[in-house]
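Residue numbers (numbering that gives the first Met the number 0), protein chains in the order written: chain A, 0 to 305; chain H, 0 to 267. Cβ atoms here follow ideal geometry from the backbone N, Cα and C, with glycine treated the same way. First the structure, in the form of structure tokens, and then the observations on it.
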Amino acid sequence: MRASPADQTILDRRNLDWYIDKVVQVLVFVGGISAIIFIIGIFVFITREGIGFIFSSWDPIEFFTSPRWAPTSSHNPTYGALALILGTASVTGLAMIVAVPFSLGAAIYIGEFASGKTRESLKVLVELLAAIPSVVWGFIGLSILNPLIIQWFNVPIGLNVLNAGVILGLMAAPIMTTIAEDALKAVPDTYREAAEAMGAARWQVIFKVVLPAAKPGLLAAVLLGVGRGFGETMAVLMASGHSINIPTSIFDSVRALTATIAAELGETAHGSDHYQALFVLGIFLFLITFLINLTADLVVRGIRNR
Amino acid sequence: MVEHGAENASTGENRANPTRMLEVRNLSISYGSKSALRDVTLDVRENEIFGIIGPANSGKTSFLRALNRMDVFTPGMNVEGEVLVSGKDVRSWRNLYALRRRIGVVFPLPVGLPMSVYDNVALAPRLSGIKKKAVLDVIVEKCLQRAALWDEVKDRLHSLGSLLSGGQQQRLTIARALSQDPDLLLLDEFSIAVDPVTTMRIEDILKELRKETTIVLVTNLVQQARRLADRTAFFLMGECVEVAETEDLFAGGVQDQRTREYVEGRFG
Ligand SMILES: Nc1ncnc2c1ncn2[C@@H]1O[C@H](COP(=O)(O)OP(=O)(O)OP(=O)(O)O)[C@@H](O)[C@H]1O
Ligand SMILES: [Mg+2]
Numbered sequence: 000m001r002a003s004p005a006d007q008t009i010l011d012r013r014n015l016d017w018y019i020d021k022v023v024q025v026l027v028f029v030g031g032i033s034a035i036i037f038i039i040g041i042f043v044f045i046t047r048e049g050i051g052f053i054f055s056s057w058d059p060i061e062f063f064t065s066p067r068w069a070p071t072s073s074h075n076p077t078y079g080a081l082a083l084i085l086g087t088a089s090v091t092g093l094a095m096i097v098a099v100p101f102s103l104g105a106a107i108y109i110g111e112f113a114s115g116k117t118r119e120s121l122k123v124l125v126e127l128l129a130a131i132p133s134v135v136w137g138f139i140g141l142s143i144l145n146p147l148i149i150q151w152f153n154v155p156i157g158l159n160v161l162n163a164g165v166i167l168g169l170m171a172a173p174i175m176t177t178i179a180e181d182a183l184k185a186v187p188d189t190y191r192e193a194a195e196a197m198g199a200a201r202w203q204v205i206f207k208v209v210l211p212a213a214k215p216g217l218l219a220a221v222l223l224g225v226g227r228g229f230g231e232t233m234a235v236l237m238a239s240g241h242s243i244n245i246p247t248s249i250f251d252s253v254r255a256l257t258a259t260i261a262a263e264l265g266e267t268a269h270g271s272d273h274y275q276a277l278f279v280l281g282i283f284l285f286l287i288t289f290l291i292n293l294t295a296d297l298v299v300r301g302i303r304n305r
Numbered sequence: 000m001v002e003h004g005a006e007n008a009s010t011g012e013n014r015a016n017p018t019r020m021l022e023v024r025n026l027s028i029s030y031g032s033k034s035a036l037r038d039v040t041l042d043v044r045e046n047e048i049f050g051i052i053g054p055a056n057s058g059k060t061s062f063l064r065a066l067n068r069m070d071v072f073t074p075g076m077n078v079e080g081e082v083l084v085s086g087k088d089v090r091s092w093r094n095l096y097a098l099r100r101r102i103g104v105v106f107p108l109p110v111g112l113p114m115s116v117y118d119n120v121a122l123a124p125r126l127s128g129i130k131k132k133a134v135l136d137v138i139v140e141k142c143l144q145r146a147a148l149w150d151e152v153k154d155r156l157h158s159l160g161s162l163l164s165g166g167q168q169q170r171l172t173i174a175r176a177l178s179q180d181p182d183l184l185l186l187d188e189f190s191i192a193v194d195p196v197t198t199m200r201i202e203d204i205l206k207e208l209r210k211e212t213t214i215v216l217v218t219n220l221v222q223q224a225r226r227l228a229d230r231t232a233f234f235l236m237g238e239c240v241e242v243a244e245t246e247d248l249f250a251g252g253v254q255d256q257r258t259r260e261y262v263e264g265r266f267g
């Protein structure tokens, strides 16, 4: 078919839609690129602050194996981060033990069982919980959980791994619930219908079909929680006891990487070894978070392409 | 309802007659206040392919949903009347899951569950408690063979079922429905997303299956009903206009003008 000359000019002319389309494309591109630039910028900044120390007096063996974090010691400052790393890891680990069952259970209930009003009000409630500031959670750990732990377990101090883990778990659970529920909602109803039509009971549908189908999303929810645990500062600072220890039980007080940076950075001289060492902790945290996200991404992709 | 006179008289005397796989009495379905099906009465005989034709919105899918009691998970769907499977009212089954295991369903769009091909077919047997791998292997192979899919997937049994092509997934769905060893197989416009060649293959499979099971085939392809169905019902706007031997229906030997027009494609 041949276009008539009149058609030809219409086909050649760029109309308003074309320009709008281009503008939108550029805006989206700029938005996406700037997010990446910010992240790279942050990384460059923290690396620049810490890099001098890494190449001059940093001892990686000490950093990863010594529990002695004593940067202010006047004759022999040491920068062992092992206790801090284990502090963060133990608190995050316990937090996930608390948060994963809670949030998955809540998400399954909200997404698969609750309906109508119950469902809507539960969702609002969960969102409200997610909005509680972390300092409030820290306060709860300090003033409510602390005496309870002392009383129940008959230990001298209630600011420890248990306290911080529970607080962090409760804190991460709402946002994990929201993400997990989204993942469940993304499972098409046709799957549920097909399984139910085969005579599967409700719980069988959930465990055999819905959860496996939602696995990438659920995993994302859990890893988001882990990331939250590594990054959380204030609540952990208040609830963990903030004392340098290699934890051997959940009743030991610990200190977290983030809390160390927050508590000490204000008191260091700009550019001093101590200041730079704190930035090395920052680089380390950044890399860990990056690794967690990368693993998440790879695992999710692996599941998809199996 | 004059058209049903003959049918009703012949079924009235033998409610639990084993040659009647399915008996539907005065079935009405509504969604909230909106009626989708009114006062349908018909029988499906054992080992026949029973076709249901009719334009969109005539209530065909709703009819199927009432048969295996899928109304339970459709909020607002309301079913009145009786549906007897092998002489027993589906609503008197205490164990809904056992009822559904006797009835296989194939939906219009293929549903490859997000698990391996093998697990897709093994799901129903596993749900009913079969655990032995050897037994499952036999069932999986047999069902895939019968669904004419075995040759294409035997080397990729453990890759994701949802990665198969649309036509393969539809045959997978059929294999899955067969894995329950159903007494009654319900198909809802199965060829909607399937190419003509695959459609013909599935039609051949259905003709084979008729020897072992009873099939209710909803289709919007009038010619498909003609090729497959022993008897055919014509649904129109929530009403079962008539049930007739398929041959008669297409030979024009039907009472109702609307059926004749629909079959001949002269429908508005
Ligand atoms: N879940 C539902 N909620 C409300 N109304 C529904 C629902 N399902 C079907 N209906 C209504 O019931 C009527 C019959 O629908 P049904 O799906 O049974 O028709 P159908 O004959 O299968 O049509 P098609 O050939 O398009 O598949 C329609 O008017 C439809 O809007
Ligand atoms: Mg339909």
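Do residue 131 of chain H and ligand 3 come close, with the Cβ less than 6 Å from some heavy atom?
-> Ligand 3 is not among the ligands present in this structure, which contains only ligand 1 and ligand 2.
Near ligand 1: residue 174 of chain H beta-carbon under 6 Å from a heavy atom | no
Between residue 203 of chain A and chain H, is there a C-beta pair that is closer than 7 Å?
-> yes
Could you pull out every unbroken alpha helix (DSSP H) segment of at least 4 residues lying fully inside the stretch 178-212 of chain A, listed in chain order?
-> 188-196
Would you check if there are 3 or more beta carbon pairs closer than 8 Å linking the stretch 150-162 of chain H to the stretch 101-115 of chain H?
-> yes
Given residue 97 of chain H, which residues of its chain have a CB within under 6 Å of its CB, disregarding the five upstream and five downstream residues?
-> none
Which word fits residue 202 of chain A, buried or exposed, when buried means at least 16 other C-beta atoms lie within 10 angstroms of its C-beta?
-> exposed
Chain-ordered residues of the stretch 60-86 of chain H with a beta carbon less than 8 Å from chain A | 67, 69, 72 and 74
Answer yes or no: do residue 30 of chain H and residue 76 of chain H have a C-beta to C-beta separation smaller than 7 Å?
-> yes
Segments assigned beta strand (DSSP E), at least 3 residues, entirely inside the stretch 76-129 of chain H | 76-84 and 102-105
Could you tell me if the beta carbon of residue 73 of chain H falls within a distance shorter than 6 Å of some heavy atom in ligand 1?
-> yes
For the stretch 95-109 of chain H, which residues have a CB atom closer than 9 Å to at least one CB atom of chain A, in sequence order?
-> 95, 96, 97, 98, 99, 100, 101, 102, 103, 104, 106 and 108
Please say whether residue 282 of chain A and residue 45 of chain A have beta carbons closer to each other than 7 Å?
-> yes
When the Cβ atoms of the stretch 53-64 of chain H are set against those of the stretch 83-103 of chain H, are three or more pairs found closer than 8 Å?
-> no
Residues near residue 234 of chain A in its chain [Cβ-Cβ closer than 8 Å; skip 5 each side] | 133, 134, 136, 137, 140, 163, 166, 167 and 170
Taking Cβ-Cβ distances below 8 Å as the criterion, which residues of the stretch 126-137 of chain H are in contact with chain A?
-> 126 and 127
Expressed to the nearest angstrom, what Euclidean distance is found between the alpha-carbon atoms of residue 13 of chain H and residue 232 of chain H?
-> Below a pLDDT of 50, predicted positions are generally treated as unreliable, and residue 13 of chain H, at 43, falls in that range; the measurement from the model is reported next regardless. Taking the straight line from one Cα to the other gives about 21 Å.
Taking Cβ positions, are residue 105 of chain H and residue 186 of chain H nearer each other than 7 Å?
-> yes
Does the beta-carbon of residue 79 of chain H have 16 or more other beta-carbons within 10 angstroms, so that it is buried, or is it exposed?
-> exposed
Minimum Cβ-Cβ distance from residue 232 of chain H to chain A less than 7 Å | no
Does ligand 2 have even one heavy atom less than 6 Å from the beta-carbon of residue 218 of chain H?
-> no
Going by the C-beta, is residue 27 of chain H closer than 6 Å to any heavy atom of ligand 1?
-> no
Per-residue contacts from residue 237 of chain A into chain H (C-beta, under 8 Å) | Near residue 237 of chain A there are no residues of chain H at all, since even the closest Cβ is about 43 Å away, more than 8 Å.
May I ask you to check if the CB of residue 21 of chain A is nearer than 6 Å to at least one heavy atom of ligand 2?
-> no
Rank H:240, H:241 and H:234 by C-alpha distance to the C-alpha of residue 54 of chain H and give the top, closest one.
-> H:234
Counting Cβ pairs, one atom from each stretch, are 3 or more of them under 8 Å apart for the stretch 69-78 of chain A and the stretch 263-274 of chain A?
-> yes
Is any heavy atom in ligand 1 found nearer than 6 Å to the beta carbon of residue 58 of chain H?
-> yes
Beta-carbon separation of residue 18 of chain H and residue 44 of chain H under 7 Å?
-> yes
When DSSP labels each residue in this structure, what does residue 111 of chain A get in the three-state scheme?
-> helix
Residue 54 of chain H at chain A interface by Cβ criterion, 7 Å | no
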